[in-house]
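Read the structure below first, then the notes.
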Amino acid sequence: MPSLAPDAVYQLLRNLTSPVVAVTSERNGKRNGMILDSAVRASIVPAIPRLSIYVHKFNFSHDLIFDSGRFVLHLLHTDQLDLIHHLGFQSGRDHDKLAGVPHRLGQLGAPVLDDCHSHFECRVINVMDTGSSTCFLGDVVAVGFGAGAAAKGDVMTAGYFRAHIPSEWRASYEEQLQRAQSFAESRSRAIQPVTWRDLKR
Ligand SMILES: Cc1cc2nc3c(=O)[nH]c(=O)nc-3n(C[C@H](O)[C@H](O)[C@H](O)COP(=O)(O)O)c2cc1C
């Protein structure tokens, strides 16, 4: 174990969180969206754009992405706190979170949100199991900007979100985080060997 207290290590690791993004998915006509801050650029080759995301297995989006092999990642504006609350504080397992969120289907058939900074349509090309989550590696196959994106200011970073989260949301945010942490604690050491079904050898 590292010599720092676990909480101090966790706070240090928070420096590695990504912008707060919306990730959408679709399976058999069911559309959904979630929020994550675990997105990473996964290629330095301009002609081969790639990114990766970590999605916990208890999230509905996990199964939609795993089964369909595609997702859309949206960078958000700093004025989209309400969308984060809508997509990131409740599951779409039992209801349609995208019902009131203007969107269309993109080239891969997954939802593209009208209002965002920009979006990346991704086809999953490999996965890594972490026990509690799956890291999806995606080839970016299409990119676009949201409506009026240029006028709407900066990209929503994790730091901005944490500094501006409305006080009335804070308790449910902390509670959700603790639930996710105890799920992850119980599952993180049970890593499975997974071979992505579409991997060409
Ligand atoms: C700021 C923020 C960051 C989040 N980061 C992640 C993440 O990196 N991975 C993840 O699986 N869930 C993350 N979540 C939690 C999911 O967005 C949340 O569990 C959501 O309700 C899942 O919806 P679904 O069940 O409809 O897929 C985050 C939520 C917020 C608000």
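Read in my numbering, the sequence shown has 729 at position 135, and its numbers run on one by one without any break. Ideal Cβ placement from N, Cα and C applies to all residues, glycine included.
So G738 is in the beta strand (DSSP E); what residue range does that whole segment cover?
Under the DSSP assignment, G738 falls in the beta strand (DSSP E) whose first and last residues are 727-739.
Could you check whether L702 and R664 sit closer than 7 Å to each other, using their CB atoms as the reference points?
yes
What are the boundary residues of the beta strand (DSSP E) that includes R717?
712-723
Can you list, in chain order, the residues of its chain with a C-beta nearer than 6 Å to that of A778? Leave out the 5 residues immediately preceding and following it.
The beta carbon of A778 lies closer than 6 Å to those of S726 in the same chain, with the five residues before and after it left out.
Let me know the secondary structure DSSP gives G753 once reduced to three states.
In the three-state reduction of the DSSP assignment, G753 falls in the helix class.
Is the beta carbon of S726 within less than 6 Å of some heavy atom of ligand 1?
Here the distance from the Cβ of S726 to the nearest heavy atom of ligand 1 is not below 6 Å.
Within 6 Å: the Cβ of D673 and any heavy atom of ligand 1?
no
With a threshold of 6 Å (Cβ to nearest heavy atom), would D631 be considered close to ligand 1?
Yes, the beta carbon of D631 sits closer than 6 Å to at least one heavy atom of ligand 1.
With DSSP run on the structure shown, which of helix, strand or coil describes A603?
Residue 603 is actually Val in this sequence, not Ala. Reduced to three states, the DSSP call for V603 is helix.
Between which two residues does the beta strand (DSSP E) containing R625 stretch?
624-630
Do T618 and V695 have their C-beta atoms closer together than 7 Å?
No, the Cβ-Cβ distance between T618 and V695 is not below 7 Å.
Please name the residue in D601, Q786, D688, R717 whose C-alpha comes closest to that of K624.
D688
Output needed for S782: all residues of its chain with C-beta closer than 8 Å, excluding positions within five of it in sequence on either side, in chain order.
T724, G725, S726
Answer yes or no: do L658 and R717 have a C-beta to C-beta separation smaller than 7 Å?
no
I'd like to know if the region 675-684 and the region 727-742 are in contact, where contact means that at least 3 CB-CB pairs between them fall below 8 Å.
Taking 8 Å as the limit for Cβ pairs, the verdict is that the region 727-742 does not touch the region 675-684.
H758 and C710 - do their beta-carbons sit closer together than 7 Å?
no
Using only the heavy atoms of ligand 3, determine whether one of them is closer than 6 Å to the beta carbon of G682.
With respect to ligand 3, the structure offers nothing, as its ligand set consists of ligand 1.
Determine which residues share a DSSP beta bridge with M619 and list them.
In the sequence as presented, Met is not what sits at residue 619; that position holds Ser. DSSP, once it has assigned bridges, lists N626 as partnering S619.
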